[in-house]
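Notes to accompany the following structure.
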Amino acid sequence: MTKPDLGRLGVWTWLEAYPYQDCIALAQRLEQLGYGALWAPEAFGRDPFVLLTLLARETSHLKLATGIANIYARDPMAMNAARRSLQEISGGRLVLGLGVSHAEIVTPMRHHDYGKPVATMRAYVAAMNAASYAAPLAPEPVPLILAALRDKMLALAGEVADGAHPYFVTPEHTARARAILGPSKFLAPEQKILLIGDPSEARRWRASSWRSIWACRTTATICCGWVSKNAISSTAAATAWWTGSWPGAMKPPSTSASRRTGPTVPITSASSRCDPMVNPASTPMR
3 MTKPDLGRLG VWTWLEAYPY QDCIALAQRL EQLGYGALWA PEAFGRDPFV LLTLLARETS
63 HLKLATGIAN IYARDPMAMN AARRSLQEIS GGRLVLGLGV SHAEIVTPMR HHDYGKPVAT
123 MRAYVAAMNA ASYAAPLAPE PVPLILAALR DKMLALAGEV ADGAHPYFVT PEHTARARAI
183 LGPSKFLAPE QKILLIGDPS EARRWRASSW RSIWACRTTA TICCGWVSKN AISSTAAATA
243 WWTGSWPGAM KPPSTSASRR TGPTVPITSA SSRCDPMVNP ASTPMR
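Mind the numbering: the sequence shown is residues 3 to 288 in my numbering, read in order.
Structure (structure tokens):
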């Protein structure tokens, strides 16, 4: 097992709206600013391994993470080949994040049968680790983290991987995830930030954005179960963002901090935090 060193802050963002040259410019700028990692998700657009291979050739030390790669998009042998190839090309800078995606995507869109998440992930990781690979190996092993929201998947991440990458979660969830994973495992929660300086405008935009994001997430079975477990309603969440009444929902940065990180809420249980930077004027989230 290998605990990745990604620093305290990384950036998780959709880059689908931008041409490749802009993606390269972003990666290079993040590297200059001192961010530890760039996280690339996988859904309906670019192949994350192709994108990260390009960015690896144009950067020198920025860590490159899949956040996450869908296990239904590649069989275990193909995923093993992708991770080892990119690890070699990047000089050991890859962090492989894997996830089971959602039945609402996997079955109607990818035309696969959606299995039980924990059992499917366990079998997939075992098959991937056992897969043959005939090309040269990078000297550094590829850190493996799992997308995990519920307790059983978090426990599996602690057992078969180097850590977990929870998405769309609260600080309370992060504390529980740390307790389940134990102190030595890597934990990188995603936490949204908004690039607007005026608090009133940020609340207006955030309330609208929150509703759309929440609607998308609560239609997914896995996320819906997490929402139910944490007893959060979409109305209450949107209202909290609008009024700023949710503790930490709106926390303006200092002038110096805003140039680097934007609004932040410390999550002390995390190893590293992944911040999706949302700019309403030119948002990469479509």
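We treat Cβ as the ideally placed atom computed from N, Cα and C, and that holds for glycine.
Which residues in the same chain as residue i place their Cβ atom closer than 6 angstroms to its Cβ, once the five residues preceding and following it in sequence are excluded?
| i | result |
| --- | --- |
| Ala163 | Leu146, Ile147, Leu148 |
| Lys154 | Val120 |
| Pro43 | Gly69 |
| Tyr20 | none |
| Pro6 | Val97, Pro145, Phe188 |
Taking only beta-carbon positions, decide if residue i is within less than 9 angstroms of chain B.
| i | result |
| --- | --- |
| Ala84 | Included in the structure is just one protein chain, with no chain B present. |
I'd like the span of the beta strand (DSSP E) that includes residue i, first residue to last.
| i | result |
| --- | --- |
| Leu11 | 11-14 |
| Leu57 | Looking at the DSSP string, Leu57 is not in any beta strand (DSSP E); the run it does join, the alpha helix (DSSP H), is 50-60. |
Can you list, in chain order, the residues of its chain whose CB lies under 8 angstroms from that of residue i, leaving out five sequence neighbours each side?
| i | result |
| --- | --- |
| Ala272 | Thr176, Arg180, Leu189, Ala190, Pro191 |
| Ala159 | Ile147, Leu148, Ala150, Gly165, Ala166, Leu183, Lys187 |
Pull up the DSSP beta-bridge partners for residue i, would you.
| i | result |
| --- | --- |
| Ala100 | Note that residue 100 is Leu in the sequence shown here, rather than Ala. Answer is Ala71, Leu148. |
| Lys65 | Ala39 |
| Ala19 | Ala19 is not bridged to any residue. |
| Ala45 | Note: Ala45 sits in no beta bridge, so no partner. |
| Ala166 | Leu148, Leu189 |
Which residue comes first and which comes last in the alpha helix (DSSP H) that contains residue i?
| i | result |
| --- | --- |
| Tyr135 | It is not in any alpha helix (DSSP H) - Tyr135 carries neither H nor E in the DSSP assignment. |
| Ser92 | 78-92 |
| Arg95 | Per DSSP, Arg95 belongs to no alpha helix (DSSP H) and is neither H nor E. |
| Pro110 | 105-112 |
Closer than 7 angstroms by C-beta to residue i: which residues in its own chain qualify, once you throw out the five before and the five after it? Chain order, please.
| i | result |
| --- | --- |
| Ser103 | Asn72, Tyr74 |
| Tyr22 | Leu56 |
| Arg178 | none |
**Report entry** 4-residue-minimum alpha helix (DSSP H) runs that sit fully inside the region 172-198, ordered along the chain
**Finding:** 173-183
Query raised in the report: Is the region 72-79 touching the region 126-137 in the sense that three or more CB pairs, one from each, lie closer than 8 angstroms?
Result: yes
Requested in this report: Count the CB pairs spanning the region 28-39 and the region 60-74 that are closer than 8 angstroms, and state whether there are at least three.
Outcome: yes
Report task. Decide if the region 27-35 is in contact with the region 165-174; the criterion is three or more beta carbon pairs, one per stretch, under 8 angstroms apart. Result -> no
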